[in-house]
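J.: If you scroll down you'll find the structure; I have some questions about it.
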């Protein structure tokens, strides 16, 4: 049985409050499975050699979802998990991951999710991953996700990766390899506050002709927090890619944004843009003229920016 | 009723200061539609920003329905019913048109109501509801959405700063109609900064602000002919036109 605060964590990261009544799922709590269910088309099995699961989506599965959220509520837990996704040819699936840490103790709680996606020919994947930390303890909440995506010909993948708040330290490592006509969209949204640190490295290898990728990174850094973004798009074929980093900086925060583009093929078209700046004064004033306090206006602007 | 009493605004520019508004006194009655016009750089927008509280006057008083609001913040004035449509409205990444209109209204707005506001400013509403008020919109589109944010409110004093700027002719006709209806409804006092004759024709009174002072003020019927005759006699551009 899940405690009330655990259900709230699940709601925040995966938009579910309990074990889903239907569909495939695996809920991991404090390093152990708290519930697992396979369906006719989506089979989830534990790995035999290390912690983690294999998720197999049958070819041509349509409109199905799989939830694999993780919650860590035990202070001092260091949880590493290896999840491999095998998405069959032509399948269409929505994957909801995410990790919530509730740390009331003085020891660090950490979860490293190592995810590998093998996306078959013409398959379509929507992936949502939300990270969130809470709790009164002095122990840090640490999340270091590793995501590796292998996309076959014509595969499509949209990844939405969000750090809501409360994560003291994160190092995100994302890699993708695209075959012919594969299409990838990564939307990263991240907020840091207090003395938190965040680093995100993304490498997209566009290996097949006609492949395309877009990386959109939006972040807000408050207080004394620090962020580093290092997205790279590498064109090895006739491909298109667009990298966009956009950050709002506040208080005494620091942000480094280093979008890198590389072309190893004369028909590669790759564009990057990056911007860092504080909240525009006219935006604040406009919302104040609607009757909002400057503090509420700031909140509304940030929420919109990260929505 | 809005009263400006001996309002002045000076910008301190280090060695020399510039007096943008000089001893302006003006009353806008309940239900009145006042058009403010005058040359560029004459102080029209500054006056609007002083009324909204975005700038603080260096001297004088602003009274709203008899209450002194001179020292009140923008937020406080907004809550008392002062609204201001910016000449150059800011854009918001991630904020949809519907959300912005709802924020203006103070509570979530039903789709049909949002659509009505957008139609009134010449925008095909359903296309716009879920679009973001960001750089993907043209200047004219953002401007019209800005006007709609004031339509979504019930105000004591609504100030529109050159609402026609950047708006195409077809949409302009719709706008004039909208402002005309607004003037008939007489819910609010309306202050509209404009250079357009068709908008001036909607006014109860016209105020001409030039060099920081009220250069002329009166009923539309009286001020408008004087404006035209000034234009004919003072236009520097006509020198050497060969029409003399």
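Protein chains in written order, with this note's numbering: chain A, 1 to 307; chain B, 308 to 551. Glycine is no exception: its CB is placed at the ideal position from the N, C-alpha and C atoms.
#1: Buried or exposed, going by whether 16 or more other CB atoms sit within 10 Å of the CB of residue 277(A)?
#2: Let me know if residue 254(A) comes out buried or exposed under the rule of 16 or more other beta-carbons within 10 Å of its beta-carbon.
#3: Less than 8 Å between CB atoms is the rule here; does residue 305(A) satisfy it with respect to chain B?
#4: Tell me the start and end of each unbroken beta strand (DSSP E) in the region 35–67 of chain A that is at least 3 residues and wholly inside, in chain order.
#5: When the cut-off is 8 Å and only beta carbons count, does residue 382(B) lie next to chain A?
#6: Check residue 376(B) in the structure and name its three-state DSSP category.
#7: Rounding to the nearest angstrom, what Cα-Cα distance links residue 290(A) and residue 411(B) in this structure?
#8: In whole angstroms, give me the CA-to-CA distance for residue 241(A) and residue 235(A).
#9: Exposed or buried, what is residue 4(A) when buried is set at 16 or more other beta-carbons lying within 10 Å of its beta-carbon?
#10: In chain order, which continuous runs of the beta strand (DSSP E) of length 3 or greater are located wholly inside the region 378–461 of chain B?
#11: For a minimum of 3 consecutive residues, which ranges assigned as the beta strand (DSSP E) are wholly contained in the region 477–517 of chain B?
#12: Can you confirm whether residue 361(B), when its beta carbon is compared against all beta carbons of chain A, has any partner nearer than 8 Å?
#13: For my contact list, residue 500(B) and residue 352(B) are in at a C-beta cut-off of 8 Å; report their separation, rounded to the angstrom.
#14: Keeping to the same chain, check which residues put their C-beta closer than 6 Å to that of residue 211(A); ignore five residues upstream and five downstream.
#15: Would you mind giving the Cβ-Cβ distance between residue 457(B) and residue 467(B), rounded to the nearest angstrom? I have them listed as a contact below 8 Å.
#16: Could you work out which residue in 205(A), 69(A), 259(A) and 244(A) is closest to residue 230(A) when comparing CA atoms only?
#17: So, helix, strand or coil for residue 281(A), using DSSP?
#18: Below 8 Å, can you find three or more Cβ-Cβ pairs linking the region 182–194 of chain A to the region 215–226 of chain A?
#19: What span of residues does the beta strand (DSSP E) with residue 525(B) cover, start to end?
#20: What is the DSSP secondary structure of residue 369(B), counted as helix, strand or coil?
#21: Which residues, in order along the region 278–299 of chain A, keep a beta-carbon less than 8 Å from a beta-carbon of chain B?
#22: CB-CB under 7 Å to residue 359(B), same chain, minus the five flanking residues each way: which ones, in chain order?
#23: Since residue 301(A) meets chain B, which of its residues come closer than 9 Å, beta carbon to beta carbon?
#24: Quick check on residue 211(A): does DSSP put it in helix, strand or coil?
#25: Considering only residues of the region 106–162 of chain A, which uninterrupted beta strand (DSSP E) runs meet the minimum length of 3 residues and lie entirely inside it, listed in chain order?
#26: Just by C-beta distance, which residues in the region 407–437 of chain B are closer than 8 Å to chain C?
#27: With 16 as the cutoff for other CB atoms within 10 Å, does residue 576(B) come out buried or exposed?
#28: Please confirm whether residue 169(A) and residue 139(A) have their CB atoms less than 8 Å apart.
#29: Helix, strand or coil: how does DSSP classify residue 332(B) here?
T.: The relevant details are as follows:
#1: In the first chain, counting from the first residue as 1, residue 277(A) sits at position 277. By the neighbour-count rule (16 or more Cβ atoms within 10 Å), residue 277(A) is not buried but exposed.
#2: For this step, residue 254(A) is matched to residue 254 along the first chain. With fewer than 16 Cβ atoms within 10 Å of its Cβ, residue 254(A) is classed as exposed.
#3: Start at 1 with the first residue of the first chain, and residue 305(A) comes out as number 305. At least one chain B Cβ lies under 8 Å of residue 305(A).
#4: 42–46, 52–57 and 64–67
#5: Locating residue 382(B) in the second chain gives position 75, counting from the first residue. Judged by the 8 Å Cβ criterion, residue 382(B) is in contact with chain A.
#6: One-based indexing of the second chain puts residue 376(B) at position 69. If DSSP states are grouped into helix, strand and coil, residue 376(B) belongs with coil.
#7: By 1-based counting over the first chain, the position of residue 290(A) is 290. By 1-based counting over the second chain, the position of residue 411(B) is 104. The straight-line gap from Cα to Cα measures roughly 5 Å.
#8: For the purposes of this step, residue 241(A) is taken as residue 241 along the first chain, with counting starting at 1. For the purposes of this step, residue 235(A) is taken as residue 235 along the first chain, with counting starting at 1. In a straight line, the C-alpha of residue 241(A) is about 8 Å away from that of residue 235(A).
#9: The residue labelled residue 4(A) in the question sits at position 4 within the first chain. Per the 10 Å Cβ criterion, exposed.
#10: 389–392
#11: 496–500 and 512–517
#12: The residue you call residue 361(B) lines up with position 54 of the second chain. For residue 361(B), the answer is yes, since a Cβ of chain A falls inside 8 Å of its Cβ.
#13: Numbered from its first residue, the second chain carries residue 500(B) at position 193. Numbered from its first residue, the second chain carries residue 352(B) at position 45. So it is a contact: roughly 7 Å between Cβ atoms.
#14: Locating residue 211(A) in the first chain gives position 211, where the first residue counts as 1. For residue 211(A), where only same-chain residues beyond five positions count, the Cβ hits under 6 Å are 178, 182 and 239.
#15: As a working mapping, residue 457(B) is identified with position 150 in the second chain. As a working mapping, residue 467(B) is identified with position 160 in the second chain. With 8 Å as the limit, residue 457(B) and residue 467(B) qualify as a contact, their Cβ atoms being about 7 Å apart.
#16: Numbered from 1 along the first chain, position 230 holds the residue referred to as residue 230(A). Among 205(A), 69(A), 259(A) and 244(A), the Cα nearest to that of residue 230(A) belongs to 259(A).
#17: The residue given as residue 281(A) occupies position 281 in the first chain. Residue 281(A): helix per DSSP, three-state reduction.
#18: yes
#19: Translated into the one-based positions of the second chain, residue 525(B) becomes position 218. That run of the beta strand (DSSP E) goes 520–526.
#20: Along the second chain, read from residue 1 onward, the residue named residue 369(B) stands at position 62. Three-state DSSP puts residue 369(B) in a strand.
#21: 280, 282, 283, 285, 286, 287, 288, 289, 290, 291, 292, 293 and 294
#22: As a first step, residue 359(B) must be located in the second chain, where it is residue number 52. For residue 359(B), where only same-chain residues beyond five positions count, the Cβ hits under 7 Å are 381, 384, 389, 391 and 466.
#23: Translated into the one-based positions of the first chain, residue 301(A) becomes position 301. In chain order: 399, 400, 401 and 402.
#24: For the purposes of this step, residue 211(A) is taken as residue 211 along the first chain, with counting starting at 1. If DSSP states are grouped into helix, strand and coil, residue 211(A) belongs with coil.
#25: 109–119, 124–134, 141–143 and 146–151
#26: The chain inventory of the structure shown lacks chain C, comprising the protein chains A and B.
#27: Because chain B is modelled from 308 through 551, residue 576(B) falls outside the range shown and cannot be assessed.
#28: If you number the first chain from 1, residue 169(A) lands on position 169. If you number the first chain from 1, residue 139(A) lands on position 139. Going by C-beta atoms, residue 169(A) is not nearer than 8 Å to residue 139(A).
#29: For the purposes of this step, residue 332(B) is identified with residue 25 of the second chain, where counting begins at 1. Reduced to three states, the DSSP call for residue 332(B) is strand.
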